[in-house]
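Residue numbers (the numbering used here), protein chains in the order written: chain A, 19 to 186; chain B, 19 to 186.
The beta-carbon is built from N, C-alpha and C at its ideal position, and this holds for glycine as well.
Computed from a prediction, not measured in an experiment: that's the story for all the values here.
Number of protein chains: 2
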Amino acid sequence: MQITRASEYAMLGLLALARRPMGEVVMLDVVAREEDIPVSFLGKIFQSLARGKLVKSSRGSGGGFMLVRSPETITALEVIEAVEGPVSLTRCLDEDTGCEHAGGCALCGLFAEAQDRVKEVFSSATVAQLSGRHIPGGMVRQARQRERIVFRPQRAAKPAALTEKNAA
Amino acid sequence: MQITRASEYAMLGLLALARRPMGEVVMLDVVAREEDIPVSFLGKIFQSLARGKLVKSSRGSGGGFMLVRSPETITALEVIEAVEGPVSLTRCLDEDTGCEHAGGCALCGLFAEAQDRVKEVFSSATVAQLSGRHIPGGMVRQARQRERIVFRPQRAAKPAALTEKNAA
DNA sequence: TTGAAACAGGACTATTTTTGTCCGGTTGCG
DNA sequence: CGCAACCGGACAAAAATAGTCCTGTTTCAA
Ligand code: SF4
Ligand code: SF4
Chain A
19 MQITRASEYA MLGLLALARR PMGEVVMLDV VAREEDIPVS FLGKIFQSLA
69 RGKLVKSSRG SGGGFMLVRS PETITALEVI EAVEGPVSLT RCLDEDTGCE
119 HAGGCALCGL FAEAQDRVKE VFSSATVAQL SGRHIPGGMV RQARQRERIV
169 FRPQRAAKPA ALTEKNAA
Chain B
19 MQITRASEYA MLGLLALARR PMGEVVMLDV VAREEDIPVS FLGKIFQSLA
69 RGKLVKSSRG SGGGFMLVRS PETITALEVI EAVEGPVSLT RCLDEDTGCE
119 HAGGCALCGL FAEAQDRVKE VFSSATVAQL SGRHIPGGMV RQARQRERIV
169 FRPQRAAKPA ALTEKNAA
């Protein structure tokens with residue numbers, strides 16, 4: 019599992035689409051400026067999203083990108099996998115590249131468990147949910163001192179100990 | 019959060035120490051051969067572990083490394099953090115490098131949640147636990163066809179859907 | 001029909017991170 | 001003393017990330 023900027027930009031880009039009327043076509047350029055992302059990089063990323071059927075592109079003047087599915091049905095995990103391909107937290111289970119220890123290694127099981135957990139988190143968050151909580155990049159620069167937006171997948175019941183260092 | 023090979027090697031190295039009588043001193047060389055890790059790289063890694071007080075080094079002939087604490091008390095998270103420094107799944111909250119969106123970005127909360135989950139997993143696994151399930155590298159090559167060792171932090175009650183692709 | 005507007009896609013480059021290697025120094029033992 | 005081991009920093013190779021750029025191709029509309 020990588021979670022590189024490409025994934026991040028992809029999510030931000032989709033949020034930009036999601037906060038307009040469904041079906042509206044937006045140019046790359048506009049999204050890029052709105053979320054402060056290098057436009058040519060975003061171009062690449064949206065190509066992946068288009069291949070992943072999350073977004074539809076149209077060319078020519080008046081062209082751009084629009085959401086294909088409603089934002090409620092698009093999970094963060096789908097977005098990430100569309101951009102990064104099949105994810106893996108470690109090299110343990112990558113089909114072919116698989117380590118020769120594989121069957122006998124305890125770590126491999128531990129890593130798989132961790133990966134499953136993050137997949138859980140990402141697959142339980144939708145673009146629509148996130149869109150509701152998001153303030154687009156351009157505006158944020160004037161609104162720094164609000165507290166951090168927290169995300170709780172389903173009705174928050176958690177150790178909290180781990181999160182508190184963030185609040186500090 | 020990185021989970022690079024350095025972390026992996028660190029864990030494997032500690033497992034090598036953990037499966038001997040407590041307090042035994044083992045040379046780098048031996049550990050490296052046993053788990054099939056480049057010896058000079060492992061040297062670097064064990065330096066970090068020593069700085070993190072997980073392991074004690076002694077020099078001179080007859081020197082080597084020994085566990086300082088009992089393997090039951092060492093969590094995977096501690097090992098990873100000793101090797102990689104303070105971990106972060108994304109660039110969102112890295113003290114100084116923090117993004118200017120920060121306070122207004124929904125993704126940041128989502129990422130933090132995911133990171134907390136993997137910390138949970140890694141902090142609930144001890145070296146001792148893993149040691150019990152592990153077959154050192156050298157032996158594995160002859161024992162490939164046993165099924166994968168699974169790790170369940172506490173008494174397994176999980177979706178399982180995500181894990182099944184691994185079994186396939 | 002022509003031209004400009006927009007994305008498609010591949011090749012390319014720059015930067016950063018990971019994954020090591022090397023070697024002189026230091027410490028401890030006999 | 002002299003060897004055996006780790007220490008620690010500088011260095012180097014390789015891989016991954018983060019982009020850029022340029023040549024299409026499609027579409028719209030004058
Ligand atoms: S954790 Fe174990 S199985 Fe996974 S790549 Fe490392 S040695 Fe192989
Ligand atoms: S996810 Fe949001 S807060 Fe985090 S680095 Fe990206 S833009 Fe900044």
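Of the listed residues the options, nearest to residue i (C-alpha basis)
| i | options | result |
| --- | --- | --- |
| S40(A) | A68(A), F64(A) and E90(A) | It should be pointed out that residue 40(A) corresponds to Met in this sequence rather than to Ser. Cα-wise, what sits closest to M40(A) is E90(A). |
| V145(B) | L32(B), A24(B) and Q20(B) | L32(B) |
| M84(B) | V101(B), R37(B), A94(B) and F140(B) | R37(B) |
| I92(B) | Q20(B), L35(B), P154(B) and T22(B) | L35(B) |
| V97(B) | A50(B), A143(B) and P154(B) | A143(B) |
| E53(B) | C117(A), R151(A) and S149(A) | C117(A) |
| S88(B) | E42(B), A28(B) and V136(B) | E42(B) |
| L67(A) | S106(A), G80(A), L148(A) and L46(A) | L46(A) |
| L148(B) | L60(A), A94(A), R135(A) and G127(A) | G127(A) |
| V57(A) | V86(A), Y27(A) and T22(A) | Y27(A) |
Residue i - containing alpha helix (DSSP H), residue span
| i | result |
| --- | --- |
| M29(A) | R23 to A36 |
| C126(B) | A124 to S141 |
| I63(A) | V57 to R69 |
| Q147(A) | V145 to R151 |
| L46(B) | L46 to E53 |
| V10(A) | With chain A covering only 19 through 186, there is no way to say anything about residue 10(A). |
Contact with chain A by residue i, beta-carbon distance below 8 Å
| i | result |
| --- | --- |
| R37(B) | no |
| A34(B) | no |
| E52(B) | no |
| F83(B) | no |
| G103(B) | no |
| I21(B) | yes |
| I92(B) | no |
| M29(B) | yes |
Proximity test, residue i beta-carbon vs ligand 1 heavy atom, cut-off 7 Å
| i | result |
| --- | --- |
| T108(A) | yes |
| E102(B) | no |
| A83(A) | Residue identity check: residue 83(A) is Phe in the sequence provided, not Ala. Checking the Cβ of F83(A) against ligand 1 gives no. |
| F129(A) | yes |
| E96(A) | no |
C-beta neighbour in chain B for residue i, strict 8 Å
| i | result |
| --- | --- |
| F202(A) | The question about residue 202(A) has no answer, for chain A in this structure spans 19 to 186. |
| L107(A) | yes |
| G156(A) | Residue placement at G156(A) is flagged as unreliable, the pLDDT there being 47, under the threshold of 50; the coordinate-derived value follows with that caveat. Output row for G156(A): interface = no. |
| R164(A) | Here R164(A) scores only 43 on pLDDT, less than 50, and its place in the model is too uncertain to base an answer on. |
| I70(A) | Reading off the sequence shown, one finds Gly at residue 70(A), where the question assumed Ile. By this cut-off, G70(A) is not an interface position. |
| F59(A) | no |
Limits of the beta strand (DSSP E) - the one that residue i falls within
| i | result |
| --- | --- |
| G78(B) | Neither: G78(B) is in no beta strand (DSSP E) and is coded neither H nor E. |
beta-carbon residue i near ligand 2 non-hydrogen atom, thresh 7 Å
| i | result |
| --- | --- |
| L35(B) | no |
| L60(A) | no |
message: Within 8 Å, do at least three Cβ pairs link the segment 129 to 140 of chain B to the segment 68 to 80 of chain B?
response: no
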